[in-house]
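Visitor: Take this structure, written in structure tokens, and hold onto it; I'll ask about it next.
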């Protein structure tokens with residue numbers, strides 16, 4: 001290797017390392033500070049490592065009913081939504097992957113059209129209103145049950161499943177539903193894992209639908225409550241102890257709790273989602 | 001007609017279970033994607049929620065001309081286009097550059113670390129991202145300004161400075177999604193035949209020459225398709241991002257079509273006007289995407305449909 005090549009490597013490794021640090025350090029910093037003794041943060045806001053560790057901010061958050069309530073609402077939303085979305089999306093995608101299906105092209109075109117033309121916020125809002133879903137859990141679940149792009153990606157995956165598998169199922173007397181659940185889905189587990197992550201993340205991060213459709217304290221999703229906490233300038237005094245908890249560390253603890261499930265799950269699914277995303281999308 | 005019906009009859013009987021599997025998905029698209037299209041008719045009505053759809057008066061294009069002659073219109077158009085073009089200029093090339101650099105990395109563990117790290121912010125919500133930005137960049141207690149002061153500098157107003165608000169949005173987009181965007185380019189890079197590199201090395205081509213003559217041409221079509229599609233979506237700037245980062249000092253610079261439609265429609269209850277404003281954006285967006293796809297095809301690329 002010649003000298004300029006070596007310098008090029010030094011540059012590339014340094015640049016990539018710095019960019020990686022920039023994406024990871026803010027999360028690490030906020031996590032560390034959220035465990036700081038709250039008063040220490042007031043006196044020395046610029047610090048990288050606390051002298052006194054403390055769970056005070058977390059205790060404060062956990063005793064906050066609206067935060068905990070929204071946390072459970074969102075957990076439920078994520079589970080119900082992800083399972084539902086996988087069933088809806090994979091069923092539709094499997095049907096569309098069978099070339100013999102009558103009406104296939106019409107349905108594909110109709111789905112594609114929804115990717116190109118979005119009527120906008122108001123018509124969506126009015127639909128949910130007219131369906132009588134405002135202020136209901138289902139207003140958060142139903143609009144996210146399928147994403148056109150994911151239907152098309154999954155369809156191209158099912159298309160590549162060898163036809164012999166379907167035929168052998170038919171010989172054993174399976175119906176299409178049986179083939180789908182007993183043969184196709186089990187061999188597609190890596191792809192299902194990828195799409196669970198995509199849908200799960202989308203449901204966990206539900207924010208705007210919560211702002212738009214929910215106007216009831218008990219149903220507000222986590223991200224909406226988090227946003228309200230972040231926007232509040234200072235936390236009210238803690239009545240039990242009379243201590244004023246500084247807002248910043250409480251905010252950080254809330255951010256950590258809202259991000260933790262994703263940060264924990266995503267590295268395990270990484271190899272699958274890369275596969276899921278590049279399905280049939282590489283051209284040239 | 002009877003033949004057509006009979007054709008469908010056989011197909012439905014033969015594939016009844018397939019159609020059954022697809023039913024929830026078909027209903028979903030019918031209700032939640034095509035259902036709202038009906039709401040677009042409100043743009044042509046003087047809609048009153050009390051009178052309802054059937055009794056409200058039809059007014060033709062009144063709300064469109066109201067919107068297009070409204071002084072807000074140019075502000076919205078300018079803001080939307082400015083944010084979009086800054087994104088195309090800086091955010092679009094970022095994943096390509098990152099992917100090209102990653103492609104040069106030979107240490108597998110380092111590469112894995114970088115990839116895991118840079119994909120991460122994509123999966124976190126805009127609320128969390130905005131929250132992190134407010135905490136880190138705040139003028140009074142943010143650590144970034146704290147470090148600047150410690151280093152002898154003066155505090156910088158990152159968050160509410162109207163002059164740099166657009167750049168703040170672009171930097172944020174790069175930070176959140178540039179890493180994730182590398183996936184598609186890395187996939188394109190793996191499809192380049194390694195023999196080309198071997199041949200070039202034998203001919204004594206430097207790494208720079210290999211980049212210019214093999215790597216870039218190898219991913220050119222992916223870049224072109226994505227760029228054209230990006231140009232097709234100039235009317236769409238991330239709604240949640242803009243909405244969350246906006247504050248009173250930057251409102252005149254941060255208001256875009258979607259945030260405007262939300263404010264006027266849902267918050268002020270001016271339904272018809274808001275539908276017209278949103279619809280203007282959707283129609284222009286639709287024309288842009290279709291045109292962009294056609295250009296991609298004219299250039300001999302596959303396009304998206």
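Residue numbers (UniProt numbering), protein chains in the order written: chain H, 1 to 284; chain C, 1 to 305.
A virtual CB, placed ideally from N, CA and C, is assigned to each residue, including glycine.
Helix or strand or just coil, what does DSSP make of residue 115 of chain C?
Guide: In this structure, residue 115 of chain C counts as helix in the three-state DSSP scheme.
Visitor: My output table needs one value for residue 278 of chain H: the three-state DSSP class, helix, strand or coil.
Guide: If DSSP states are grouped into helix, strand and coil, residue 278 of chain H belongs with the helices.
Visitor: Less than 8 Å between C-beta atoms, sequence neighbours within five positions excluded: which residues of the same chain meet that for residue 162 of chain C?
Guide: Cβ neighbours of residue 162 of chain C beyond the five flanking positions: 249, 250, 252, 253.
Visitor: Can you tell me whether DSSP reads residue 210 of chain C as helix, strand or coil?
Guide: Helix at residue 210 of chain C.
Visitor: Whose Cβ in chain H lies nearer than 8 Å to the Cβ of residue 24 of chain C?
Guide: What residue 24 of chain C touches in chain H: 87, 88, 91, 92, 145.
Visitor: Under 8 Å, Cβ to Cβ, is there at least one residue of chain C near residue 127 of chain H?
Guide: Closer than 8 Å to some Cβ of chain C, the Cβ of residue 127 of chain H qualifies, so yes.
Visitor: Would you say residue 235 of chain H faces chain C, with C-beta separation under 8 Å as the test?
Guide: Below a pLDDT of 50, predicted positions are generally treated as unreliable, and residue 235 of chain H, at 48, falls in that range; no measurement from the model is reported.
Visitor: Are there any heavy atoms of the ligand GTP lying less than 7 Å away from the beta-carbon of residue 244 of chain C, as far as the coordinates show?
Guide: Absent from the structure shown: the ligand GTP. Ligands present: none.
Visitor: Could you work out which residue in C:93, C:240, C:132, C:70 is closest to residue 250 of chain H when comparing CA atoms only?
Guide: Here the closest residue by C-alpha is C:132.
Visitor: What residues in the region 204-221 of chain C bring their beta carbon closer than 7 Å to a beta carbon of chain H?
Guide: Those would be 207, 221, in chain order.
Visitor: Measuring CB to CB, does residue 89 of chain C end up less than 8 Å from residue 167 of chain C?
Guide: Their beta carbons are not under 8 Å apart, which means residue 89 of chain C does not touch residue 167 of chain C by this criterion.
Visitor: Kindly list, in the order they appear in chain C, the residues whose Cβ is closer than 8 Å to that of residue 248 of chain H.
Guide: Per Cβ cutoff of 8 Å: 135, 141.
Visitor: Buried or exposed: residue 22 of chain C, going by 16 or more other Cβ atoms within 10 Å of its Cβ?
Guide: With 16 or more Cβ atoms within 10 Å of its Cβ, residue 22 of chain C is classed as buried.
Visitor: Which class does residue 170 of chain C belong to by DSSP, given the choice of helix, strand or coil?
Guide: Residue 170 of chain C falls in the helix class under three-state DSSP.
Visitor: Using a Cβ-Cβ distance under 8 Å, would residue 123 of chain H count as near chain C?
Guide: Yes, residue 123 of chain H counts as interfacial toward chain C.
Visitor: Any contact of the region 273-285 of chain C with the region 118-132 of chain H, i.e. 3+ C-beta pairs under 8 Å?
Guide: As far as the Cβ criterion goes, the region 273-285 of chain C touches the region 118-132 of chain H, which means the pair count is three or higher.
Visitor: Going straight from the alpha carbon of residue 235 of chain H to that of residue 56 of chain H, what length do you get?
Guide: A caution first: residue 235 of chain H carries a pLDDT of 48, below 50, which makes its placement in the model unreliable, though a value can still be read off. Going from the Cα of residue 235 of chain H to the Cα of residue 56 of chain H covers about 13 Å.
Visitor: For residue 149 of chain C, which residues from the same chain have a beta carbon less than 7 Å from its beta carbon, with the 5 sequence-adjacent residues on both sides left out?
Guide: Result list for residue 149 of chain C: 155, in chain order.
Visitor: Could you tell me the distance, in whole angstroms, from the CA atom of residue 191 of chain H to the CA atom of residue 275 of chain H?
Guide: Cα to Cα, the separation comes out at about 7 Å.
Visitor: If we require 4 or more residues per run, which alpha helix (DSSP H) segments fall completely within the region 77-140 of chain C?
Guide: Runs found: 93-104, 108-119, 126-137.
Visitor: Can you tell me where the alpha helix (DSSP H) holding residue 210 of chain H begins and where it ends?
Guide: It spans 208-213 - the alpha helix (DSSP H) in which residue 210 of chain H sits, taken as one unbroken run.
Visitor: In this structure, what does DSSP give as the bridge partners for residue 65 of chain H?
Guide: Looking at the DSSP assignment, residue 65 of chain H forms no beta bridge with any residue, so it has no partner.
Visitor: Hey, out of C:49, C:208, C:263, whose CA is closest to residue 8 of chain H's CA?
Guide: That would be C:208, whose Cα lies nearest to the Cα of residue 8 of chain H.
Visitor: Does the Cβ of residue 152 of chain C have 16 or more other Cβ atoms within 10 Å, making it buried, or fewer, making it exposed?
Guide: Classification for residue 152 of chain C: exposed.
Visitor: Taking only beta-carbon atoms, is residue 26 of chain H less than 8 Å away from chain C?
Guide: Yes, residue 26 of chain H lies at the interface with chain C (some Cβ there is under 8 Å from its Cβ).
Visitor: Nearest to residue 312 of chain C by alpha carbon, out of H:37, H:16, H:142, H:96?
Guide: Past the edges of chain C, shown from 1 to 305, lies residue 312 of chain C, and the structure says nothing about it.
Visitor: Report the residue from C:183, C:212, C:221 whose alpha carbon sits nearest the alpha carbon of residue 273 of chain H.
Guide: When each option's Cα is compared against that of residue 273 of chain H, the closest is C:183.
Visitor: Specify the secondary structure class of residue 205 of chain H as computed by DSSP and reduced to three states.
Guide: Correct three-state label for residue 205 of chain H: coil.
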